[in-house]
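Chains as they are written, first to last, in our numbering: chain A, 1 to 229; chain B, 230 to 458. Using N, Cα and C, we set each Cβ at its ideal position, and we do this for glycine too.
2 protein chains.
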Amino acid sequence: MTGSPTTPRGRRDRPAKPALTRGGIVAAAVAVLRAEGLEKVTMRRLAQELDTGPASLYVYVRNTAELHAAVLDELLGTIAAGSAQGSPRERLEQVLTAYTTMLLEHPSLARSALTARPSGPHYLNLIESLLGLLDEVGVAPAQAAWGVDLLLQFATATAAEHAGRETSSPAAGGEEWDALAHALHGASDRTHPHIAALTGPLLSGTPGERLSWGVRALINGIERTSVPD
Amino acid sequence: MTGSPTTPRGRRDRPAKPALTRGGIVAAAVAVLRAEGLEKVTMRRLAQELDTGPASLYVYVRNTAELHAAVLDELLGTIAAGSAQGSPRERLEQVLTAYTTMLLEHPSLARSALTARPSGPHYLNLIESLLGLLDEVGVAPAQAAWGVDLLLQFATATAAEHAGRETSSPAAGGEEWDALAHALHGASDRTHPHIAALTGPLLSGTPGERLSWGVRALINGIERTSVPD
DNA sequence: ACCTGAACACCGTTCAAGT
DNA sequence: ACCTGAACACCGTTCAAGT
Chain A
1 MTGSPTTPRG
11 RRDRPAKPAL
21 TRGGIVAAAV
31 AVLRAEGLEK
41 VTMRRLAQEL
51 DTGPASLYVY
61 VRNTAELHAA
71 VLDELLGTIA
81 AGSAQGSPRE
91 RLEQVLTAYT
101 TMLLEHPSLA
111 RSALTARPSG
121 PHYLNLIESL
131 LGLLDEVGVA
141 PAQAAWGVDL
151 LLQFATATAA
161 EHAGRETSSP
171 AAGGEEWDAL
181 AHALHGASDR
191 THPHIAALTG
201 PLLSGTPGER
211 LSWGVRALIN
221 GIERTSVPD
Chain B
230 MTGSPTTPRG
240 RRDRPAKPAL
250 TRGGIVAAAV
260 AVLRAEGLEK
270 VTMRRLAQEL
280 DTGPASLYVY
290 VRNTAELHAA
300 VLDELLGTIA
310 AGSAQGSPRE
320 RLEQVLTAYT
330 TMLLEHPSLA
340 RSALTARPSG
350 PHYLNLIESL
360 LGLLDEVGVA
370 PAQAAWGVDL
380 LLQFATATAA
390 EHAGRETSSP
400 AAGGEEWDAL
410 AHALHGASDR
420 THPHIAALTG
430 PLLSGTPGER
440 LSWGVRALIN
450 GIERTSVPD
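Here it is as structure tokens:
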């Protein structure tokens, strides 16, 4: 009654320990990410979650960075690139915004994606979509090829910038004066005339406005800048 | 003979332990960075270097991230923004290339700069230079203000991407096939026609060519894309 | 008031030894 | 052949207790 002859039985009727697989490890990692953030997605914690020792994970995953990249590719599956509407430029902006928005839910994942790029099926689909849209916009193929990198780097870096202040306090008052904003305000107009003249614009805009402007500036630049040779 | 009455004497005539200051901590951090890389610039290691306990450093530095930002500002002092030559566009490209080149010597510092932006005097000088050059190029002030952010983010992210493979092997053969390159080559032209058609361009270019093209594309986009309101 | 020893609560990765 | 316990070599940060 307690455990079958073919399954190792633990104390009582513990749910059968599933065989370790790469997919199982990544799935557990996604679950921990959603519940507690990337900081908790560690080899030791995952091993605990999967009822084994950390050393066992290294059979399926080269290191922590590779694991994080696999997690990101998994999350990429949740953004629907097909649902964008409007002109090619608008759809391009929508796809990049969706990608950035997803990353903004896990800025520390964006941070690690900058170093350990994903290369899974969902990332490939994203690149394919972007190349298709750039083609529709009329960007020359060679420029589109280099441009995709620029666009993805921008989106990833924009999200990564928010890592660290992830678990920030709910801002006791409203505006959180960061160190750079403070330094810009303090710049003397004798030594730093341009900063002094532009303090407002330097700090203006919501994150959404900045993102949208950045994407448009990038597309405008990409279509007008030819690659060497 | 061993120690003066006003200095605490250790065993033998150990060099007098200098008083702890923020500047001293940052200087020690820069020395360790140069000698052994950012991975070794830890609170514990610095405390050891300064002959005290890690807790003492927290009197002068809020946390590790803030320390890394201070280190970057210090290094920024070594890039001479004034030595650029040529047209404003060329000088702009030179300043950004110098900044990126410096960061590429310490990619992990770039990585942390993305999250904990520096805000020291040298960073302010860099922003001032860039605003001045954008003005000379003829970029509208409001666009220049948002553009500086884009340019610095691009330079920083470009360097940050190289973190991790910092202590990579000297490439046993020549080209190091990373996972993404491999995935792009493997893409089917039925499911990913654009990738299949552009595999060459997607992977072409030296890092230097990519950087230079990126800076030019960014400037072209910034000058042509007006900010909202 | 200022400083810090010691502790708390963790990490990634390796490898010798088991099955 | 495959898997893993235990160890190695570290971390950041806090706080009670000292001077």
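Item	Value
Just curious, the alpha helix (DSSP H) that T307/B is in, first and last residue?	Looking at the DSSP string, T307/B is not in any alpha helix (DSSP H), and its letter there is neither H nor E.
Mind listing, in chain order, the continuous alpha helix (DSSP H) runs of no fewer than 4 residues lying wholly within the segment 32 to 84 of chain A?	43 to 49, 54 to 57 and 64 to 76
Would you say V137/A and I219/A are within 9 Å of each other, going by their C-beta atoms?	yes
Tell me whether P457/B sits in a helix, a strand or coil according to DSSP, three-state version.	coil
In angstroms, rounded to a whole number, what distance separates the CA positions of V300/B and P370/B?	30 Å
Decide yes or no for the touch test of the segment 123 to 135 of chain A against the segment 412 to 431 of chain B: beta carbon pairs closer than 8 Å, at least 3 of them.	yes
So D280/B contacts chain A; which residues on that side make the cut at Cβ distance below 9 Å?	Within chain A, no residue comes near D280/B; the closest Cβ sits about 29 Å away, beyond 9 Å.
Please state whether DSSP places P207/A in a helix, a strand or coil.	helix
Just how far apart, CA to CA, sit A179/A and R419/B?	51 Å
Do A389/B and Y328/B count as a contact pair if the criterion is CB distance below 9 Å?	no
How about the segment 426 to 439 of chain B and the segment 374 to 381 of chain B: do they share at least three Cβ pairs that are nearer than 8 Å?	no
So L20/A and T42/A are in contact, right, with Cβ under 8 Å, and what is the actual spacing, rounded?	Not confirmed; about 17 Å, so no contact.
Please report the straight-line C-alpha distance between A412/B and R318/B, rounded to a whole angstrom.	37 Å
Run through chain A and tell me which residues come within less than 9 Å of Q323/B, C-beta to C-beta.	Ordered by position in chain A, no residue passes the 9 Å Cβ test against Q323/B, which lies about 17 Å from the chain.
Quick check on E36/A - is its C-beta less than 9 Å from some C-beta in chain B?	no
Mind pulling the chain B residues with CB within less than 7 Å of S87/A?	Ordered by position in chain B, no residue passes the 7 Å Cβ test against S87/A, which lies about 16 Å from the chain.
To which residues of the same chain is A187/A closer than 7 Å at the C-beta, ignoring the five residues directly before and after it?	I195 and A196
Using 8 Å as the Cβ pair cut-off and three pairs as the minimum, do the segment 323 to 338 of chain B and the segment 281 to 292 of chain B touch?	no
Quick check: the Cα distance between A386/B and R117/A, rounded to an integer number of angstroms?	13 Å
Going by C-alpha to C-alpha distance, which of G164/A, G221/A, P228/A and T225/A sits closest to S455/B?	G221/A
Determine which residues of the segment 342 to 353 of chain B have a Cβ less than 9 Å from any Cβ of chain A, and write them out in chain order.	L343, T344, A345, R346, P347, S348, G349, P350, Y352 and L353
Mind checking if G138/A is an interface residue toward chain B, Cβ cutoff 9 Å exclusive?	no
Considering only C-alpha positions, which residue in the set N63/A, A84/A, H106/A and R62/A is nearest to R34/A?	H106/A
Can you give me the Cβ contacts of L325/B inside the same chain, cut-off strictly under 7 Å, excluding the 5 residues immediately before and after it?	L380, A384 and V444
Apart from the five residues on each side of it in sequence, which residues of its chain come closer than 7 Å, Cβ to Cβ, to P247/B?	G253
Suppose you measure from the CA of H230/A to the CA of L275/B; what does that come to, to the nearest Å?	Beyond the ends of chain A as shown, which are 1 and 229, falls residue 230/A; an answer cannot be given.
Going straight from the alpha carbon of A294/B to that of S337/B, what length do you get?	12 Å
How long is the line joining the alpha carbons of H162/A and L124/A, rounded to whole angstroms?	25 Å
Compute the Euclidean distance between the alpha carbons of V26/A and R111/A, then round it to the nearest angstrom.	18 Å
Hey, could you find the ends of the alpha helix (DSSP H) T158/A is sitting in?	P141 to A160
Taking only the alpha-carbon atoms, compute the straight-line gap between G279/B and K269/B and give it to the nearest angstrom.	Note that residue 279/B is Leu in the sequence shown, not Gly. Straight-line Cα distance between these residues: approximately 14 Å.
Note down the Cα distance separating H414/B from Q153/A, rounded to an integer number of angstroms.	20 Å
Quick check on T42/A - is its C-beta less than 9 Å from some C-beta in chain B?	no
Would you kindly check if the distance between the Cβ of A217/A and the Cβ of R453/B is under 9 Å?	yes
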